[in-house]
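Chemist: In my numbering, the protein residues as written are 1 to 221. Quick one: structure below, then a few questions.
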């Protein structure tokens with residue numbers, strides 16, 4: 001590459017546009033979350049997102065192809081398994097087995113994340129309220145990874161005794177609901193206040209107690 005008279009290499013002419021595209025894409029993805037908070041799921045239109053991002057609506061098509069791809073990008077970036085737990089899950093998938101302590105950490109970490117993240121709460125409510133291709137794809141992907149993790153857990157604490165898959169289903173669904181319920185109206189649930197540290201500690205302890213009971217049941221058979 002030729003140098004300028006000052007001895008410095010000339011800037012690549014493509015660097016600016018590439019950075020601008022990346023900024024615009026990031027801005028559009030963030031705008032999805034803003035529209036979701038302001039207008040709810042029905043408000044997620046290309047027009048509303050473009051207005052929120054302060055860009056031409058044509059850029060949604062240029063950078064993402066369509067609205068579904070843009071929304072899917074946003075949802076994926078918010079998912080606990082794809083973001084905060086990504087490294088933890090990758091490490092667990094490399095192992096031959098998974099301990100009850102590791103499963104407990106994954107489940108309770110998810111609970112705490114949902115409890116603190118209003119955007120994630122809205123996405124989960126959306127996932128339950130109406131059919132959506134992007135949400136279904138994310139749920140299916142989560143199920144595939146979950147299946148691998150459950151199989152690793154079964155190698156450790158076994159399949160005998162209590163139905164571990166049913167227990168995990170109840171635990172996961174219950175944790176989701178408790179977190180959303182606590183933040184939606186702030187009321188207690190079965191007399192437990194999830195918004196207080198003592199209430200969350202009771203859930204954390206009992207979550208582990210149940211996994212311990214499964215392990216004990218296996219050892220008795």
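Using N, Cα and C, we set each Cβ at its ideal position, and we do this for glycine too.
1. Compute the beta-carbon to beta-carbon distance between residue 63 and residue 21, rounded to the nearest angstrom, for a pair I have assumed lies under 8 angstroms.
2. What do you get for residue 51, buried or exposed, if any count of 16 or more other CB atoms within 10 angstroms of its CB means buried?
3. Just the Cα atoms here: how many angstroms apart are residue 93 and residue 87?
4. Please classify residue 116 as buried or exposed, where buried requires at least 16 other C-beta atoms within 10 Å of its C-beta.
5. Give me the Cβ distance between residue 125 and residue 89, rounded to the nearest whole Å; I'm assuming they're in contact under 8 angstroms.
6. Counting beta carbon pairs with one atom in the segment 93-104 and one in the segment 145-159, are three or more of them shorter than 8 angstroms?
7. DSSP state of residue 194, grouped into three classes?
8. Can you tell me where the alpha helix (DSSP H) holding residue 68 begins and where it ends?
9. Are residue 139 and residue 109 close, meaning C-beta to C-beta below 8 angstroms?
10. Enumerate in chain order the residues of its own chain whose CB-to-CB distance from residue 145 is below 6 angstroms, with the five nearest sequence positions on each side excluded.
11. Candidates 72, 17, 43: which alpha carbon is nearest residue 133's?
12. Using the C-alpha atoms, what's the distance from residue 167 back to residue 53?
13. Within 10 Å of its beta-carbon, does residue 169 have 16 or more other beta-carbons around it, so buried, or fewer, so exposed?
14. With burial defined as no fewer than 16 other Cβ atoms inside 10 Å of the residue's Cβ, what is the status of residue 31: buried or exposed?
15. Compute the distance between the beta-carbons of residue 29 and residue 61, then report whether it is under 8 angstroms.
16. Please identify the residue among 41, 40, 56 whose C-alpha is closest to the C-alpha of residue 47.
17. Take residue 214 and list the residues in its own chain whose beta-carbon comes closer than 8 angstroms to its own, dropping the five residues that flank it on each side.
18. Beta-carbon separation of residue 222 and residue 25 under 8 angstroms?
19. Would you kindly report the start and end of the unbroken alpha helix (DSSP H) that includes residue 175?
20. Grab the span of the alpha helix (DSSP H) containing residue 115 for me, first residue to last.
Modeler: So, to answer that:
1. The C-beta separation of residue 63 from residue 21 comes to about 7 angstroms, placing the pair in contact by the 8 angstroms criterion.
2. Exposed: under 16 other Cβ atoms inside 10 Å.
3. Taking the straight line joining both Cα atoms gives about 10 angstroms.
4. By the neighbour-count rule (16 or more Cβ atoms within 10 Å), residue 116 is not buried but exposed.
5. Not confirmed; about 24 angstroms, so no contact.
6. Taking a contact to require three or more Cβ pairs closer than 8 angstroms, the segment 145-159 and the segment 93-104 qualify as touching.
7. Coil, per DSSP.
8. Taken as a continuous stretch (DSSP letters only), the alpha helix (DSSP H) holding residue 68 covers 67-78.
9. In this structure, residue 109 does not lie closer than 8 angstroms to residue 139 by Cβ.
10. Closer than 6 angstroms at the Cβ level, and outside the excluded window around residue 145, lies no residue.
11. The option with the nearest alpha carbon to residue 133 is 72.
12. Distance between the alpha carbons of residue 53 and residue 167: 43 angstroms.
13. Sixteen is the threshold: since fewer than 16 other Cβ atoms of the shown chains lie within 10 Å of the Cβ of residue 169, the residue is exposed.
14. The residue in question, residue 31, is buried, as its Cβ has 16 or more Cβ neighbours within 10 Å.
15. Contact flag unset, no.
16. A check of alpha carbon separations from residue 47 across 41, 40, 56 identifies 56 as the nearest.
17. The beta carbon of residue 214 sits closer than 8 angstroms to those of 100, 157, 161, 162, 164, 167, all from its chain and outside the five residues before and after it, given in chain order.
18. Outside the modelled stretch of the chain, which goes from 1 to 221, sits residue 222, for which no answer is possible.
19. First-last of the alpha helix (DSSP H) with residue 175: 164-185.
20. Here the alpha helix (DSSP H) through residue 115 covers 100-116.
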